[in-house]
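Have a look at the structure below, then the notes.
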Amino acid sequence: MSTLIQGIPQSGQSRFLTRFRSNPFAIPSVLMILIFVVIAVGTALFSSFGHQWPCDPNLTNLEQKLLPPSSLHWLGTDNLGRDVLSRMLHGAYISLTVGLVAVSVSLGIGVLVGAVSGYFGGMTDQILMRTVDALLCFPTFFLILTVVAILGPSLLNIVIIIGLVSWTGTARLVRAEFLTLRETEYVKGARVLGQKSWKIIMQHILPNAAAPILVTAILGIPDAILSEAGLSFLGFGVQPPQATWGNIIADGKTYLLYAWWLNLFPGLAILIASLSFYLAGDALREAAEGRD
Amino acid sequence: MRSIRLFLYGIPALLVVFLIAAFVNATFLSVTKKNEMSIGTLGEPSTLNPIQQADSAASEVAGMMFNGLIKYSRDLEVIGDLATDWTLSQESTFRFQNHEEALKSRDFINTLLSSTPALPVTGLEVQEDRLIVQLRQAGLHASEQIFKTLCDLNYNPLPFPALAKGEKPSPFLAEPILRFHLRKDVRWHDGVPFTAADVAFTYHAIMDERVASPRRSDFELVSSLTVPSPYEVVVRYRKPFSPALASWMQSILPAHLLEKVDPAKWPEIYNRHPIGTGPFKFDSWKTNERIRLVKNPDYFLGSPWLDSIVFRVLPDPLTLQLAFQTKQVDFWGVQPWAVKGLESDPRFELFSAPGNMYNYIGWNLRRPMFQDLRVRQALAQAVNVPQMIKYIIYGRGVQSNGIYTPQVWFYDPKVKPLSYDPKASKSLLDQAGWKPGPDGIRVKDGKRLSFTLLANNGNEVRRDIATLVQDDLKQVGIEVKVEVYEWAVLLKRFVNKGEFDAIVLGWGLGYDFDQYAIWDSSQTHPEELNFIGYSNPKVDRLLSDLRQEYNRPEIIRMAGELQQTIYDDQPYLFLFVPEGTSVMWKGAYRIRRPGRNPGEWIDTPVTMTKAGWSCDMEWFYRPEYPPQAKGSKP
Amino acid sequence: MESFIIRRLGLSLVLLFIISIISFFIVTLTPGSPYPWGELNPKISAEVKANFRKKFHLDRPLPEQYALTMRDLFTGNLRSIKDDRPVLSRIMERLPATLALNVTSILISLSFGTLIGVAAARYAGSWQEVTGSFITFIFIALPGFWISYLLATVLVSNFGVPILGTQSYGIDFPNATAEWLDRLWHLLVPATVLALGGIAAQSRYLRATMIGTMKEDYIRTARAKGLPEDVVLFTHALRNSIRPIISGIGMLLPALISGAVIVENIFAYPGMGRLGYEAVLERDYPTLVALNFVVAALVLLGNLISDILSAAVDPRVRLE
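Residue numbers (our numbering), protein chains in the order written: chain R, 99 to 390; chain C, 188 to 821; chain F, 12 to 331.
Written as structure tokens, this is what we have:
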């Protein structure tokens, strides 16, 4: 096996890419993610310059409420006459933000806890892992509901809360990785040489644990998106007039039997976005694991 | 190995077989025709004890099982329920220096009576230094008239010290007396006869702290309740209080079951399976699924035609709709947007009536920007309410012109609502010193005209209102930020503390004119209902006078004045009164109810009445189960 | 074995204690008041509300509230703020339905998940397997409420089939079989929706584990010995991959109970998920504390059982 030095050796990298490409879903899903990101970022950029396409997502036009998809409104209008397509484009931006930020929070905490736990072991490890176990027993959804009720349902709060309840998986994974990597020759050697713990972690262990951590991150994004949609559905999500995919469905649920487009399109969008991330993450994991 | 394979393939296969069998079974099931009514409710009652409940789901169910002393008829007249008749009289007491003075004044009043027969005096009595006058009617007019005459002719009646803390000394006592005569043929569902002792018990229970009844404030002015005979109840009030009569629509509880029991035990032994006197009795309660009532064949007006009623708990409005379409529930409270489609469908019958509620935006009058009347008027004229009605509730509603709704008898149609006029609005704002700033938002003394409008999630109509108002106000240069919170949070964090700018809300009203709790300047403390901080001495006076007024034309006049005064002040932006619509499968039910004369029955289809379409629900029947002709009980 | 069980039990109890504290404090610190009547009810005076607060010791300092609440919980005296009934009886009413739903859901997840996982491992790489995996991923990515609504609408509008509650209403069943089948139907619909995610998770997990196992040397030996592929698969590979199946139960439980909130609402199913959601909305603190406690206890119990089963199957576990 190629030696585990800082960074990934060239030959390992190309093997990784080959394995990645061999997964039939890999390329399409990555493409889908790219499209998603481009749409989201593009919409945000355009609107910050004042250009809305196809039109302002918050523009209410009561005479045109609840219209089915047509050439004028490709995805129809909602109960206040707002164009669904525009709202969905903005929703993409929110969903992406929710996904990234929530995962960052979750990753930050999870890596920290897992690293400390796995590297230092002993009592610290026991305490931290017991806390993780305790949190895992909680009905997370109740917890999110309750806490959102305390802090109020703003985008920032929701994102932080979702991140706060989902770090446990990452922590366990990171801990497992660290436990293994801690026993390798060069780490032992570095300790003997008197290198500081944090330096060892940052320079040696983390980079080699990077791949599984990245995979967890990517797999965590759709979970965050789905959580946000679920919260919006129950009425605890981002507030009007902000458009999120979950909001559009929640607003449209009363009219389900009559205005199917309010439910179908956002649901499909959530499905496709989540699916892409899952497939990409899965392909990534297979490629990374094959390495060992 | 074979066993592993067996499990591996076998269990999923078994599950699939079960699923298919269950599905096939389900498709072949059809709703059996039963003589039962099925009603869907969005919330589950918290308790079925009528003096401890305050949610509408609970009162719907309990309404079928209990009776009050009086009730409203289809035409919103007050008629007897457990009471056959009642009288309202008043005892007015005047105080004098000594016994002789009192005697003198009594003689004077006697002579006065012979010359002014219009005085509603039915009796005079002297006790020590007091003159006690029995009056035929309640209210202050007659007593005031007597008092004035006594003063004018120097009979020097002395004032009474204040009756309670914070009250002023009063020139005389005026104590209304309600006397009820009760039916003698009523039995509780367990067979025990109903008597006045049950009424007395119910009253004492409501006032008992341990019961924590939300009805307590209705009875706080009662000074005594006595039971002279088993079928007579006499209630005495400390001062004239015209809403008192309506408070006796309160359901009565059985003394024999609850009197000796500590209220803490009521939830276990009574609240989930109560006993009442009503047309239906309790059968079963499957938590979170359904509550079933069966008919009471010994009901004092005669046995209902339906065998049973089931209330199904369906928390999601969509599933409620689905349940209606598959005939799993018989009625559905239709949302405005669906009305049009259903109206033209010949399979259904719709009942619409203006709701007994109105939507409004409350301005927090403690905020400086809302303290200028011109600004409030400008706000009202900047919002296009007719368009709101057209598009949010699909035209099913009317613009509100104040604190009362159109179908009550004291409503004043002459109060004109402010019209939608953005130009007038802008000029009012200019006059008030709010000039357009650089970003289009008006500015005055360096402050921008910008505020936060709150609404509760879970109520789409109010959220839509908030969004529309935001747009409309932007057109006249006012910036509105909308924030939506969950109901409980909204109340605790903002409303109860009086810390908000503006809020979209609605009031569900009763049929009486007393709105003291909402508009009196004393009700502005935390958790009280005048949370906008409104204060107008004229309004305070009108509210208190109304409470003491029993004369109908007077009430109408004062209520109209109250409605106009408050509307002129614009403490709220009065929005609209929505229409409520219910739908039923056509011909599913008819009504056969007792007429005015004994033995007379009136058979009609279900129609809309002043008291709603579900009035007299105990007399609904399904045409497939025609009621047998029978004599009614008197 | 005994020491293992005792250690596990002790650990669970410690966790339960920590959980009770955390859940109590989170719940009581939320804003919103717990009165059972609608707020803004003109009939309720501040005095009545004060009496109410006294009754439920809401006016004592927090640590004292915690102690009182825990005492009440264990003596069965803890009463719901909503309707003054003992909280435990409210929970117990819902427990059978919830257990039925969750157990069925886990059963569906595990059985289908295992089958699909094994098949995926066997035929790994073939187009059937790839398509199958794709479908599995769709299951994971489906928003629960979306699919519930679609399913509900289709079943009711197109097939006229009742799906709400635990039993069809208004039907006289011709015989006991019909009635049981009806109950089964009402149970299977929400259970299946809940199980979709579990099927996907379980099958992916199993597939990955089995593929890993199948690379081991002893599998090569078995093949070299000439054993038919089936035997290899089922006897050796699967046996050694049993642990994931069993630990699958531990994985699925907490997700189920909280994921059920939405599904229970839509299908009007009277379970604990709905109880918890309503309790959050009503700020019914006693119910929330008790519910969190009971749910956590159930999850811990589930984990304990799956750990013991794992230990029974795989002796290496006992040493952990």
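Ideal Cβ positions, reconstructed from N, Cα and C, are used throughout, including at glycine.
The secondary-structure analysis by DSSP pairs F467/C across a beta bridge with K482/C.
Chain-ordered, the chain C residues with CB closer than 8 Å to the CB of P339/R read T654, Q657 and V669. Taking C-beta atoms under 8 Å as the contact rule, N212/C and R809/C fail to qualify, at a distance of about 27 Å.
Non-local C-beta neighbours of L264/F in its own chain, meaning closer than 6 Å and more than five positions away in sequence, comprise V310 and G313, ordered along the chain. In the DSSP assignment, S769/C forms a beta bridge with G520/C and F538/C. As computed with DSSP, D790/C is found in a beta bridge with R779/C.
Not a single C-beta of chain R is nearer than 8 Å to the C-beta of Q586/C.
Membership of N113/F in any beta strand (DSSP E) is not indicated; the residue belongs instead to the alpha helix (DSSP H) covering V98 to R133. Looking only at F184/F, L166/F and P74/F, the smallest Cα-Cα distance to A510/C is reached by L166/F.
Note on G584/C: 16 or more other CB atoms within 10 angstroms of its CB, so buried under the neighbour-count rule.
Excluding residues up to 5 positions away in sequence, A124, A381, L382 and A385 lie with their Cβ nearer than 7 Å to the Cβ of F118/R in the same chain.
Inter-residue distance for A565/C and V630/C is about 15 Å (C-alpha atoms, whole angstroms). With the criterion set as a beta carbon lying under 9 Å from some beta carbon of chain F, the members of the segment 466–487 of chain C are K473, T474, N475, E476 and R477, in sequence order. Of all residues in the segment 104–121 of chain F, only E104, R105, L118 and I119 come within less than 8 Å of chain C when Cβ atoms are compared, listed by chain position. In this structure, the beta-carbon distance from R479/C to S490/C does not fall below 8 Å. At a cut-off of 8 Å, the C-beta of L175/F has no neighbouring C-beta in chain R. Note on V204/F: 16 or more other CB atoms within 10 angstroms of its CB, so buried under the neighbour-count rule.
With its beta carbon less than 8 Å from one in chain R, Q508/C belongs to the interface. At a beta-carbon threshold of 8 Å, the residues of chain F lying near F205/C are L195 and L199, ordered along the chain. Taking 8 Å as the CB threshold, Y160/F lines the interface with chain R. Following the DSSP letters along the chain, one finds S410/C inside the beta strand (DSSP E) bounded by residues V409 to S416. Sequence-distant Cβ neighbours of Y418/C in its own chain, meaning closer than 8 Å and more than five residues away, are H368, L369, R370, K371, T382 and A383. Going by beta carbons, Q522/C and T352/R fall inside the 8 Å limit.
Taking a C-beta distance under 8 Å as the contact criterion, Q321/C and T309/C qualify as a contact pair.
Of the candidates L170/R, A357/R and G189/R, G189/R places its Cα closest to the Cα of N156/R. Against L373/R, chain C offers no close residue; the least beta-carbon distance is about 24 Å (beta-carbon pairs closer than 8 Å). In the structure shown, I158/F falls within a helical segment according to DSSP collapsed to helix, strand and coil.
The beta carbons of S179/F and P185/F sit no closer together than 8 Å. Closest in alpha carbon position to V386/C, among E396/C, R397/C and R366/C, is R366/C.
Its Cα nearest to that of G549/C, the residue L716/C stands out among G227/C, I296/C, L716/C and M745/C.
Three or more Cβ pairs closer than 8 Å define a contact, and the segment 137–149 of chain F falls short of that threshold against the segment 227–234 of chain F. Taking C-beta atoms under 8 Å as the contact rule, S438/C and P237/C qualify, at a distance of about 4 Å. For S258/F, no Cβ of chain C is located within less than 8 Å of the residue's own Cβ. Rounded to the nearest whole angstrom, the CA to CA distance from T278/R to Y284/R is 13 Å.
Inclusion of G697/C and W519/C in the CB contact set at 8 Å is not warranted, their separation being larger than that value. Y353/R has a beta carbon lying within less than 8 Å of a beta carbon in chain C.
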